[in-house]
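J.: Keeping their order, the protein sequence lines are chains B and D.
Its first residue numbered 1, the first sequence is counted upward by one per residue in this note's numbering.
Its first residue numbered 1, the second sequence is counted upward by one per residue in this note's numbering.
All residues carry an ideal CB built from backbone N, CA and C; glycine is no exception.
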Amino acid sequence: MKKNFGILGILLVVFIATAIGNPNFLTAYNMFNLLERASLYGIIGIGVAFVIITGGIDLSIGSLIGLVATLLPFIVVQQSFPLAVGLFAIFALSLCVGLTHGVLITRLKLQPFVVTLCGLMIYRGIARWIVSDKTMGYGNETFSGLKVMVGNLSQLPGMSGFSWAKHIPVAFLILLVLGVIASVFLNKTIYGRYLLALGRNEQAARFSGINTSVMIIIAYVICSVISGFGGLLFALDYGSIQPDSFGNFYELYAIAAAVLGGCSLRGGEGSIFGIILGAALMRLLMNSISMLGIDDQLEPAVIGIVILIGVMVDELVKRFAARRRAVKQAKVTTALPEVDA
Amino acid sequence: MSSTLSRTALMVAMPLLCLLLSGCSQNSSDNPEADARPKVAYITNGIASFWTFAEKGAKDAAQEFNADVNIQMPANGVEDQKRICQDLLAQGIDGIAISPIDPDNQGDLLTEIGQRTNMITHDSDAPGSERLCYIGMDNYTAGRMCGELVKEAMPEGGSVMIFVGRLGQANSRLRRQGVIDELLDREPDENRYDEPSAGVIKGEKYTILDTRTDGFDFGKAKAQAQDAVAKYDDLGCMVGLFAYNPPLMLDAVREAGKVGKIKIVAFDEHDRSLQAINDKEIYGTVVQNPYKYGYESVRVLAGLARGDSSVIPENKILYIPARQIRNDNVAAFQAELQRLLSTEESEGTTNVVSEPAGDESP
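And the structure:
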């Protein structure tokens, strides 16, 4: 929690600045949109965090999202299979993708960057080929039940009576549930500790009896399954899927959120809360740029600068803490002989 | 240590302060009657030189009808378009003119806009939505006009390749179908659709080999043109249906040394396409009138915001007809465009004063 003060600070500053700059920023409508976007990107951020914590990377997230989003309407609408079959297929596919990544990385000792970069190209190509680049749609009645996931809380059973529920996106609830589960898994279960340990020093972890290969495979499976689920949510939200571009760069957004949230790309570090904050900051920045009337063309530059600042602040805070610890230590050691004397 | 902390704080604060100030300065630059001026938005389906003329038209109309126009060009497809619209709605806007990227599947977004403000479509229609009016051309007819140019360029018949940014949006589908139907001498039928995946479409004189899409990726668009030149020895004509396609096709044909051998028929008024028509490297083009799209959109939205519903025609469609440009009339057309752009430059300063700084997207 302490580690995320830097990012939390920036988040608050941008939030307050935008609220002052444009009073409409705080309207329920805008807050709902912002919360929903932050939740969707937060969800895929949680997925990639597991991989980053092991010291790996997954560049195929965006393409997998594109493939899943394209496949579901293809299976259900074009091929007329029941929805359950479509859902089973996309989750099975995501699981297999993660398993393949994990096995290639641990058994064949291929670099995660290479494996998932190839994945990025393969899944995009397959998605485009299956539907011959045709735009897929989620406007269909078949998906109306699933669309609740990108609606508001009042659409959930038994929630229609609460007026506040209308202003909270269901995606936020999903993010909370997923965030709590991921957090507990990472911090309170032995397997989560294994992941963190092997991320810091895989060899040491292996020698201390951890089956690191299995743990790494699990991390990639978690990442791909969450990405697949994220793909489903994004697709339901946007309604229209262009197989050649849907999900492009999402892996970079997810990785940036994870890094902003305190994950080290060297592995062994990361908090789920931080990643959620990281994802929220990026969506907030995009919203602020429109709200404050800053030129749209500057958007990527502003986001890049803020991420850089976030990472710099994080590094400086860490150094500051380390130096303070060292000084404290020094004080203790110099104080001790005096007591003795 | 404390200096490290203060430096850190300064580093965070400076850019954010800039952010904040630029937002505030925009508000303060509004003139006193700003509240009386309707705020409308003009949203395109991507970034292209074609939209520069629409932007000019929108700005001219904003000045003439005393409105503020916010021009937005989504760079990343449907997702960006949705986010931009929602952000505009959140800011409070008196009307939105949108060129929907995928009207069939963007129903939720179009309903959301329609429920919150006046919505009209331009360039690409969404007849099933709550749009109050469509401003644009009849894309199917324009496609057939493009087909006529192919026939003129290659009267003895031959093989044709079609290049287009996306096929998801109705305008490109209709244009492509218009070209195909004209080349195959079919009866006009806007609902006909030849699947691009169905392969070669063979007519009596003309054969459509393939349709390639590039998703607004210029690098890919050029690569596809090069591949087509390399793949088909007997390629007779290339048709580019989005503004940026024809110049890239021309590059590919030039590099292969096949200028004149492979005919090129263009769409829209990219300046390189027009120059090439002048130089007889491209046979001709079908031009829309994007200036009018922008102009009419803002005129209609400003009228609606003031409660004047007479700005909408009875059939809710405002057709802006397309024109064919060949070597004989290209000089006159270029002069017309030049005139439009030069008035923009001379009015540049007034535009900046009359509109919020943040609205100046290219």
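(1) If you run the structure through DSSP and keep just helix, strand and coil, what is T27 of chain B?
(2) How is the beta strand (DSSP E) around V69 of chain D delimited, first residue to last?
(3) Cβ of I101 of chain D within 9 Å of Cβ of V160 of chain D?
(4) Can you have a look at E36 of chain B and say buried or exposed, based on whether 16 or more other CB atoms are within 10 angstroms of its CB?
(5) State yes or no: is the beta carbon of G77 of chain D nearer than 9 Å to at least one beta carbon in chain B?
(6) Given this structure, state the Cα-to-Cα distance separating L12 of chain B from A280 of chain B, to the nearest angstrom.
(7) What is the DSSP secondary structure of D234 of chain D, reduced to helix, strand or coil?
(8) List the residues of chain B that I201 of chain D touches, going by C-beta distances under 8 Å, in chain order.
(9) To the nearest angstrom, how far is the alpha carbon of S310 of chain D from that of I135 of chain D?
(10) Alpha carbon to alpha carbon, what distance is there between T44 of chain D and M249 of chain D?
(11) Where DSSP assigns a beta bridge to K202 of chain D, which residues make up the other side?
(12) Taking 6 Å as the limit between beta carbons, can you name the residues of its chain near P112 of chain B, skipping five residues before and five after?
(13) For Q115 of chain D versus Q81 of chain D, is the C-beta distance shorter than 9 Å?
(14) I want to see whether chain B comes within less than 9 Å of T437 of chain D, judged by CB atoms only; does it?
(15) Along chain D, which residues have their Cβ under 8 Å away from the Cβ of M286 of chain B?
(16) For G348 of chain D, is the classification buried or exposed, using 16 other Cβ atoms within 10 angstroms of its Cβ as the cut-off for buried?
(17) Taking buried to mean at least 16 other C-beta atoms within 10 Å of its own C-beta, is R323 of chain B buried or exposed?
(18) Hey, would you say G267 of chain B sits closer than 9 Å to G199 of chain B, going by beta carbons?
(19) The stretch 288–299 of chain B: which residues have C-beta closer than 9 Å to a C-beta of chain D, in chain order?
(20) By DSSP, does R212 of chain D sit in helix, in strand, or in coil?
(21) Could one say the Cβ of I65 of chain B lies closer than 9 Å to chain D's Cβ atoms, at least one of them?
(22) Determine, using beta carbons only, whether S288 of chain B and G21 of chain B come nearer to each other than 9 Å.
(23) Can you grab the Cα-Cα spacing for the pair S213 of chain B / K109 of chain B, in whole Å?
(24) Using Cβ-Cβ distances below 7 Å, what residues of the stretch 150–174 of chain B are close to chain D?
(25) Could you tell me whether the Cβ atoms of N395 of chain D and R37 of chain D are closer together than 9 Å?
(26) Taking C-beta to C-beta, are L176 of chain B and L236 of chain B nearer than 9 Å?
(27) If you check the beta carbons only, do G231 of chain B and L67 of chain B fall under 9 Å apart?
(28) Strictly below 8 Å CB to CB, what residues from chain D border T27 of chain B?
(29) Which two residues bound the contiguous beta strand (DSSP E) that contains G284 of chain D?
(30) Take G158 of chain D as the anchor and find which of D:I264, D:R323 and D:A256 has the nearest alpha-carbon.
(31) If you count every other CB in all the chains shown that lies within 10 Å of the CB of W129 of chain B, and 16 or more means buried, which is it?
(32) Quick one: what does DSSP say V259 of chain D is sitting in, helix, strand or coil?
(33) Identify the residues that DSSP records as bridge partners of A41 of chain D: which are they?
(34) Tell me, to the nearest whole angstrom, how far the beta carbon of S124 of chain D is from that of L110 of chain D; I am working on the premise that it is less than 8 Å.
(35) Residues in the same chain with beta-carbon distance under 6 Å from F216 of chain D, minus the five sequence neighbours each way, listed in chain order, please.
(36) At the 9 Å Cβ level, is K318 of chain B part of the contact set with chain D, yes or no?
T.: Put simply:
(1) Indexing the first sequence from 1 puts residue 27 of chain B at position 27. Coil.
(2) Position 69 of the second sequence, counted from the first residue, corresponds to residue 69 of chain D. In the DSSP assignment, V69 of chain D falls within the beta strand (DSSP E) that extends over D68 to Q72.
(3) Here the question's residue 101 of chain D lines up with position 101 in the second sequence. Here the question's residue 160 of chain D lines up with position 160 in the second sequence. Not closer than 9 Å, so no.
(4) In the first sequence, the residue the question calls residue 36 of chain B occupies position 36. Burial call: buried.
(5) Sequence index remark: in the second sequence, residue 77 of chain D carries index 77 (1-based). Cβ-Cβ to chain B under 9 Å: yes for G77 of chain D.
(6) Taking the first residue of the first sequence as 1, we reach residue 12 of chain B at position 12. Taking the first residue of the first sequence as 1, we reach residue 280 of chain B at position 280. Near 11 Å, if we compare the C-alpha coordinates of A280 of chain B and L12 of chain B.
(7) As a working note, residue 234 of chain D is residue 234 in the second sequence. The DSSP-derived three-state label of D234 of chain D is coil.
(8) Here residue 201 of chain D is taken as the residue at index 201 of the second sequence, counted from 1. Ordered by position in chain B, no residue passes the 8 Å Cβ test against I201 of chain D, which lies about 15 Å from the chain.
(9) Residue 310 of chain D sits at position 310 when you count from the first residue of the second sequence. Residue 135 of chain D sits at position 135 when you count from the first residue of the second sequence. CA-CA distance, S310 of chain D to I135 of chain D, rounds to 15 Å.
(10) Taking the first residue of the second sequence as position 1, residue 249 of chain D is located at position 249. Taking the first residue of the second sequence as position 1, residue 44 of chain D is located at position 44. In this model, M249 of chain D and T44 of chain D are separated by some 24 Å (Cα to Cα).
(11) Translated into the one-based positions of the second sequence, residue 202 of chain D becomes position 202. The partner list for K202 of chain D (beta bridge, DSSP) reads D:T207.
(12) Position 112 of the first sequence, counting from 1, holds the residue named residue 112 of chain B. Excluding sequence neighbours, P112 of chain B sits near G56, I57 and I105.
(13) Mapped onto the second sequence, residue 115 of chain D falls at position 115. Mapped onto the second sequence, residue 81 of chain D falls at position 81. Not in contact: Q115 of chain D and Q81 of chain D (Cβ atoms no closer than 9 Å).
(14) Look at the range of chain D in this structure, 1 to 362, and you will see that residue 437 of chain D is not part of it.
(15) The residue you call residue 286 of chain B lines up with position 286 of the first sequence. Neighbours of M286 of chain B on chain D, chain order: R83.
(16) Here residue 348 of chain D is taken as the residue at index 348 of the second sequence, counted from 1. Residue placement at G348 of chain D is poorly supported in this model, since its pLDDT is 38, which falls under 50; the coordinates still yield a value, given next. With a threshold of 16 other beta carbon atoms within 10 Å, G348 of chain D falls short and is exposed.
(17) In the first sequence, counting from the first residue as 1, residue 323 of chain B sits at position 323. Residue burial annotation: R323 of chain B is exposed, with fewer than 16 other C-beta atoms found within 10 angstroms of its C-beta.
(18) Within the first sequence, the letter at position 267 stands for residue 267 of chain B. Within the first sequence, the letter at position 199 stands for residue 199 of chain B. Their beta carbons are under 9 Å apart, which means G267 of chain B touches G199 of chain B by this criterion.
(19) Per Cβ criterion, the list reads S288, I289, S290, M291, L292, G293, I294, D295, D296, Q297 and E299.
(20) Looking up residue 212 of chain D in the second sequence gives position 212. In this structure, R212 of chain D counts as strand in the three-state DSSP scheme.
(21) Indexing the first sequence from 1 puts residue 65 of chain B at position 65. Answer no: the Cβ-Cβ gap between I65 of chain B and chain D never drops below 9 Å.
(22) Along the first sequence, read from residue 1 onward, the residue named residue 288 of chain B stands at position 288. Along the first sequence, read from residue 1 onward, the residue named residue 21 of chain B stands at position 21. Yes.
(23) Numbered from 1 along the first sequence, position 213 holds the residue referred to as residue 213 of chain B. Numbered from 1 along the first sequence, position 109 holds the residue referred to as residue 109 of chain B. Rounded to the nearest angstrom, the two C-alpha atoms are 10 Å apart.
(24) If the cut-off is 7 Å between Cβ atoms, the stretch 150–174 of chain B has nothing near chain D.
(25) Since the first residue of chain D shown is 1 and the last is 362, residue 395 of chain D is not available in this structure.
(26) As a working note, residue 176 of chain B is residue 176 in the first sequence. As a working note, residue 236 of chain B is residue 236 in the first sequence. No Cβ-Cβ contact shorter than 9 Å links L176 of chain B with L236 of chain B.
(27) Residue numbering aside, residue 231 of chain B sits at position 231 when the first sequence is read from its first letter. Residue numbering aside, residue 67 of chain B sits at position 67 when the first sequence is read from its first letter. Cβ atoms of G231 of chain B and L67 of chain B: closer than 9 Å.
(28) In the first sequence, the residue the question calls residue 27 of chain B occupies position 27. Simply A90.
(29) Walking along the second sequence from the start, residue 284 of chain D turns up at place 284. Run containing G284 of chain D: G284 to V287, per the beta strand (DSSP E) assignment.
(30) By 1-based counting over the second sequence, the position of residue 158 of chain D is 158. Looking at the Cα atoms, D:I264 is the closest of the given residues.
(31) Along the first sequence, read from residue 1 onward, the residue named residue 129 of chain B stands at position 129. Result: exposed.
(32) Counting from 1 along the second sequence, the entry for residue 259 of chain D is found at position 259. In the structure shown, V259 of chain D sits in a strand (DSSP, three-state: E or B).
(33) Translated into the one-based positions of the second sequence, residue 41 of chain D becomes position 41. A41 of chain D pairs with D:N70 and D:I96.
(34) In the second sequence, the residue the question calls residue 124 of chain D occupies position 124. In the second sequence, the residue the question calls residue 110 of chain D occupies position 110. About 12 Å separates the two Cβ atoms, so there is no contact after all.
(35) Translated into the one-based positions of the second sequence, residue 216 of chain D becomes position 216. Scanning its chain for C-beta atoms nearer than 6 Å, with the 5 sequence neighbours on each side dropped, one finds around F216 of chain D the residues G46 and G165, in chain order.
(36) For this step, residue 318 of chain B is matched to residue 318 along the first sequence. With 9 Å as the cut-off, K318 of chain B does not count as an interface residue toward chain D.
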